[in-house]
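Letter by letter, the sequence shown follows residues 21 to 288 of the working numbering. For every residue, glycine included, the Cβ atom is placed at its ideal position computed from N, Cα and C.
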Amino acid sequence: MKAIIPVAGWGTRRLPITKSIEKCMLPIGNRPIVDYVVEDCIKAGINDIIFVVGEQSTQIQNYYGRNIMLEDYLISVEKPNLLDEILPPRNVTFHYVTQPQNGKYGTAIPVALAAEAYDCSPGAVVLMGDDFIYHPDSSSEVARLIKCAGSDSALLGVKVPDSETSKYGVLQIDSEGRFEQIVEKPVAGEAPSNLINVSKYVMNPTLLSEVVAYSHENHEGEYYITEPINRYTQAGGVLNVLEAAGQYLDGGTLEGWLEANQTVLSME
């Protein structure tokens, strides 16, 4: 199974720093946010990772590539112990798909681009590059989600206090723990659950095909990934919902990024 990680956004909520640093490369401790996402994938046994990048992207490619000059320097100054800190993960292949700046946009588009560029059977994990689920015990949330999906698809839900459900897209789930719909920012006291959608999925080939087909349609505005998800479930496809076991950390906002750093640094 491959992982698809969209990282092409400009990160406007984090300007001006994201003018020069790609949002997914903002540091949590000594590592970029996206590296925690990649680490979770590797722990789950995924060794093919597809990044969907912007046209000007170079930083993530440099991070997961070799830097021979730096390696030679560390050896020359007798610091070979630091080589493991900078070498790419072993036995993992990174792929890069460019999302056109002036093309179609929205959460469905990068997933469709990746699924068309590479063979994603028997399915793919779809994760964002600026947030992650943190486990102090180093267990893998992605592995849990893959197991939950089985031959179907799955979505990760993050539990929030009842008082905060009106800020998010809230998951409505049937009695068997399957996705029914997302209720956007429900009125206080009327939320169907206290699990919110954080855009972390396992998509089987049928759902991926829905995403690709939707991306080929022509209409104005954003192409939201929730549209092909709804089509998939309305046609009888199963989307299991799994509650996150770890702590959700969001580096996409300044407040979330600070919390992520405080959480990780206090545990490591």
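In this structure Thr113 is exposed. Its beta-carbon is surrounded by fewer than 16 other beta-carbon atoms within 10 angstroms. By the neighbour-count definition (other C-beta atoms within 10 Å, threshold 16), Asn217 is a buried residue. For Pro248, the enclosing alpha helix (DSSP H) begins and ends at Thr246 to Gln254. In the three-state reduction of the DSSP assignment, Ile25 falls in the strand class, which pools E and B.
Leu35 sits exposed, since fewer than 16 C-beta atoms from the chains shown fall within 10 Å of its C-beta. Taking 3 residues as the shortest admissible run, the stretch 181-222 contains the following complete beta strand (DSSP E) segments, listed from N- to C-terminal end: 189-193 and 199-204. If only complete runs of 4 or more residues are kept, the stretch 63-123 shows the alpha helix (DSSP H) at 79-83, 88-96 and 103-106, in order along the chain. Between Arg33 and Thr273, the CB-CB gap stays under 8 angstroms. The C-alpha of Pro142 lies about 18 angstroms from the C-alpha of Phe71.
Sixteen is the threshold: when 16 or more other Cβ atoms of the shown chains lie within 10 Å of the Cβ of Gln119, as they do, the residue is buried. The DSSP-derived three-state label of Val284 is helix.
Pairing Asp60 with Ile153 gives a Cβ-Cβ distance under 8 angstroms. With three or more CB-CB distances shorter than 8 angstroms, the stretch 127-143 counts as touching the stretch 22-31. At the C-beta level, Ser235 and Lys124 come within 8 angstroms of one another. Under the three-pair Cβ rule at 8 angstroms, the stretch 99-107 does not count as touching the stretch 182-200. With a cutoff of 8 angstroms on beta-carbon distance, Val261 and Asn214 are scored as not near each other. If the five residues before and after Gln79 are omitted, its C-beta is found closer than 6 angstroms to the C-beta atoms of Glu42 and Met45, all from its own chain and listed in chain order. In the structure shown, the three-state DSSP call for Glu263 is strand. Asp60 sits in a helix when the DSSP states are folded into three classes.
Between Leu175 and Leu228, the C-beta spacing is not below 8 angstroms. Taking the Cα of Ser158 as reference, the smallest distance to any Cα among Val57, Glu263 and Gly31 is reached at Val57. Burial check for Asn238: the Cβ neighbour count within 10 Å stays below 16, so the residue is exposed. For Ile153, the pairing in a beta bridge is given by DSSP as Tyr268. In the displayed model, Ile166 falls within a helix according to three-state DSSP. Taking the Cα of Asn250 as reference, the smallest distance to any Cα among Leu191, Gln267 and Tyr268 is reached at Leu191. Per the coordinates, the alpha-carbon of Asp172 lies some 11 angstroms from the alpha-carbon of Thr253. With contacts defined as CB atoms closer than 8 angstroms, Gly177 and Glu263 qualify as a contacting pair.
Annotation for Ile62: Pro109 and Val112 place their beta carbon closer than 7 angstroms to its own, counting only its chain and skipping 5 residues before and after. By the beta-carbon neighbour count (other beta carbons within 10 angstroms, threshold 16), Gly256 is exposed.
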